Amino acid sequence: MPGETVLDVEELCTHYLTSDGEVMALDDATFKLHRGESIGIAGESGCGKSTLAFSLLNQVQPPGEIMSGSIDLDGIEVTDLSEKQARREIRWKKISMVFQGAMEIMTPVYTVGHQMVEPLKYHKDIKGKEARRICERYLELVNLDSGIFDRYPHELSGGQKQRVIIATSLLLEPDIVIFDEPTTALDVVVEARIMNDLKRLRRELDISMIFITHDLSILAEVSDNLAIMYAGWIVEFGSAFDIYKDPKHPYTEKLIAAIPDIRKDIDRLEFIPGVPPNLVNPPSGCRFHPRCHKAMEVCKELEPEVYNVDGVKVKCHLFSEDEDIAEDEEASYETAYDDETAAEAYEGELGTEEVEDGIEEEPMEE
Ligand SMILES: Nc1ncnc2c1ncn2[C@@H]1O[C@H](COP(=O)(O)OP(=O)(O)O)[C@@H](O)[C@H]1O
Ligand code: SF4
Ligand SMILES: [Mg+2]
87 MPGETVLDVE ELCTHYLTSD GEVMALDDAT FKLHRGESIG IAGESGCGKS TLAFSLLNQV
147 QPPGEIMSGS IDLDGIEVTD LSEKQARREI RWKKISMVFQ GAMEIMTPVY TVGHQMVEPL
207 KYHKDIKGKE ARRICERYLE LVNLDSGIFD RYPHELSGGQ KQRVIIATSL LLEPDIVIFD
267 EPTTALDVVV EARIMNDLKR LRRELDISMI FITHDLSILA EVSDNLAIMY AGWIVEFGSA
327 FDIYKDPKHP YTEKLIAAIP DIRKDIDRLE FIPGVPPNLV NPPSGCRFHP RCHKAMEVCK
387 ELEPEVYNVD GVKVKCHLFS EDEDIAEDEE ASYETAYDDE TAAEAYEGEL GTEEVEDGIE
447 EEPMEE
C-alpha cells in the first residue's frame, strides 16, 4: 500500500561506551519512512550517519550500544531483537545495507556468484541453478552482464564491484535498503550512473531507500525527504524539495550554500568555519552553537526543541515561539560568527589563501 509506514524511529539514542568516555553518536533520532519512499541523510563525517544505519539493523558493534528509543520495522521492534533474531528475521529480508567500503571486502578467492548466493542459501535455502537464475536477474537489473556471476572480484572495476554489492543487497527483496556512502570511492561519472540506476530500481521494485552521504549535492535527485545531521542530532527533516529551496536550520543553510553550482558565477564557495565537536563532550545547549553564524546567548545554554516549520522539522531556537528566546534573538546577533572574520580565521588555520571545498573532510577515524 503506498504511503504505508515501513519504518518508524522514535527518540533513538546510540552511544559508544569507550575508555575515554561515552561518545554520544546519535541522540533522539525521530523520523518515519514510507513504502517506496527515499530518505537522504547528510552531514559532515563523524556526525552519526553510519551509527544510525547500523542501529536500524540492530548491528551496532561494541563498544556501541542502543541506549534508548524505538525502531518499529513493519511491526517488529528492532531494539528488542537478539543478534540471532535480527540475523534471522530482519537483515537481508526486511532491511539490507550496502556498507561504506563494502566492495573492498569481497573475497578475492571466490567468484562473484559464490559470494552472491550466500544470503539466498542462508535465508531461503535456495541453491544451485535456481540461486544462479535469481542472481543473474539482479545482476542484469543493476546493468551488469549476467556473465559476471562466474568472474572473480579482481577482474571487475570499482563501479562493477559496487553494482554487484547493490544487486546482492536486493536479492531477498527487502522493504528497505540502506546505502551508506555507496559511491564515495568512485569517480563522478560512475557515481552519477549508479545513482540513476538506483532511482530507477526504487521505482521498478517499489522499495524504500535510505541514502547516506557527506555530500549533499548527490542527494537532490534521489531523495523524497532529507535528514540533515549534525553532531549526533537530526537538525532538519522534511521534503528534499522544500529543504533545498529554503533551508531553515543555519547548518543546512551553510551546507547547501557550499554545494558548487555551475550555473552561478561564484569565485568562492560558502564554508562552515571550525570543526565538528568531540561527541564525548559536545558543546552545551545547541551542539552547533560554536560554529553557528546565527547563534544567540540562549543557544549556549539550552538544547533547542524540534519545531514544525511549514511541514519541515527543525531543531533550532530561531523557530521558538517562546518570547524570552525571541527577545534573545534580537539582542544577541552580535555574538554570532561574523562570516568575514570566521573566513579569515579558517583560512589562517589552513594556511591557504582560498577555501576550495565547502565541507571539512574526514576529521576523525572511521
Ligand atoms: N567503534 C567506535 N568506537 C568509538 N566511537 C565511535 C565508533 N564508531 C564511531 N564512533 C564515533 O561516533 C561518532 C559518529 O560516527 P559515525 O556514525 O561513523 O559518523 P558518520 O558515519 O557520520 O561519519 C563519531 O564521533 C565517531 O568517532
Ligand atoms: S539553536 Fe542557535 S546555535 Fe543552534 S542552530 Fe539555531 S541559532 Fe544556531
Ligand atoms: Mg559513516
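Note that this note's numbering gives residue 199 to position 113 of the sequence shown, counting from 1, and the numbers run on in steps of one. In this text, a Cβ means the ideal position worked out from N, Cα and C, and glycines have one as well. Note that the structure is a prediction, hence the values are computed from the model and not measured.
Helix, strand or coil: which one does DSSP assign to residue i?
{"i": "Met110", "result": "strand"}
{"i": "Ala128", "result": "strand"}
{"i": "Leu302", "result": "helix"}
{"i": "Ser406", "result": "coil"}
{"i": "Arg35", "result": "In the structure as shown, the chain begins at 87 and stops at 452. Residue 35 is therefore absent and cannot be evaluated."}
{"i": "Asn282", "result": "helix"}
{"i": "Glu123", "result": "coil"}
{"i": "Thr254", "result": "helix"}
{"i": "Asp266", "result": "strand"}
{"i": "Gly324", "result": "strand"}
{"i": "Lys380", "result": "coil"}
{"i": "Ala313", "result": "strand"}
{"i": "Val395", "result": "strand"}
{"i": "Ala115", "result": "strand"}
{"i": "Cys99", "result": "strand"}
{"i": "Lys334", "result": "coil"}
{"i": "Val308", "result": "coil"}
{"i": "Ser370", "result": "coil"}
{"i": "Ile342", "result": "helix"}
{"i": "Leu365", "result": "coil"}
Hey, out of the options, whose CA is closest to residue i's CA?
{"i": "Thr478", "options": "Glu226, Asp114, Glu277", "result": "It is not possible to answer for residue 478, since the shown part of the chain is limited to 87 through 452."}
{"i": "His379", "options": "Leu404, Val400, Lys399, Asn367", "result": "Leu404"}
{"i": "Ser124", "options": "Leu291, Arg177, Asp332", "result": "Leu291"}
{"i": "Gly187", "options": "Gly360, Val321, Thr299, Ser303", "result": "Thr299"}
{"i": "Leu112", "options": "Val184, Ser141, Gly89", "result": "Ser141"}
{"i": "Leu365", "options": "Glu90, Gly89, Ser131", "result": "Ser131"}
{"i": "Asp396", "options": "His335, Pro368, Gly214, Ile358", "result": "His335"}
{"i": "Gly369", "options": "His240, Met110, Asp211, Lys213", "result": "Here residue 369 turns out to be Pro, not Gly, going by the sequence shown. Comparing Cα-Cα distances from Pro369 to each of His240, Met110, Asp211, Lys213, the minimum goes to Met110."}
{"i": "Gly161", "options": "Arg173, Val146, Lys180, Thr197", "result": "Lys180"}
{"i": "Thr91", "options": "Arg121, Gly107, Glu108", "result": "Arg121"}
{"i": "Lys401", "options": "Ala313, Asp347, Leu256", "result": "Ala313"}
{"i": "Cys133", "options": "Trp178, His375, Pro363, Val146", "result": "Pro363"}
Rounded to whole angstroms, what's the CA-CA distance from residue i to residue j? Just pull it up for me.
{"i": "Glu267", "j": "Thr116", "result": "21 Å"}
{"i": "Leu283", "j": "Ser294", "result": "Looking at the sequence provided, one finds Asp at residue 283 rather than Leu. Approximately 14 Å, taken between the alpha carbons."}
{"i": "Arg377", "j": "Pro194", "result": "45 Å"}
{"i": "Lys118", "j": "Leu93", "result": "6 Å"}
{"i": "Glu97", "j": "Glu391", "result": "13 Å"}
{"i": "Gly155", "j": "Gly318", "result": "14 Å"}
{"i": "Gly245", "j": "Ile252", "result": "10 Å"}
{"i": "Arg373", "j": "Ile329", "result": "21 Å"}
{"i": "Thr338", "j": "Ala344", "result": "10 Å"}
{"i": "Gly129", "j": "Met315", "result": "5 Å"}
{"i": "Ile411", "j": "Val384", "result": "7 Å"}
{"i": "Val228", "j": "Glu175", "result": "26 Å"}
{"i": "Ile127", "j": "Val361", "result": "19 Å"}
{"i": "Gly89", "j": "Ile262", "result": "14 Å"}
{"i": "Gly199", "j": "Met189", "result": "14 Å"}
{"i": "Gln171", "j": "Lys210", "result": "15 Å"}
{"i": "Tyr224", "j": "Tyr393", "result": "42 Å"}
{"i": "Leu341", "j": "Arg219", "result": "44 Å"}
{"i": "Gly233", "j": "Pro359", "result": "49 Å"}
{"i": "Ile191", "j": "Asn144", "result": "21 Å"}
{"i": "Tyr407", "j": "Met281", "result": "This sequence places Glu at residue 407; Tyr is not what is there. About 40 Å."}
{"i": "Leu230", "j": "Leu242", "result": "11 Å"}
{"i": "Val95", "j": "Ile320", "result": "12 Å"}
{"i": "Arg286", "j": "Val308", "result": "10 Å"}
**Prompt:** Is it a yes or a no for the stretch 148-156 touching the stretch 100-110, going by three-plus beta-carbon pairs under 8 Å?
**Reply:** yes
**Message:** Is it the case that the stretch 262-282 contacts the stretch 235-249, given that we only count it when at least three CB pairs across the two stretches are under 8 Å?
**Reply:** yes
**Asked** Whole beta strand (DSSP E) runs in the stretch 150-236 with 3 or more residues, listed along the chain?
**Response** 150-159, 181-184
**Prompt:** Quick check: the stretch 195-206 against the stretch 156-176, are there 3 or more CB pairs under 8 Å?
**Reply:** At 8 Å Cβ cutoff, the stretches do not touch.
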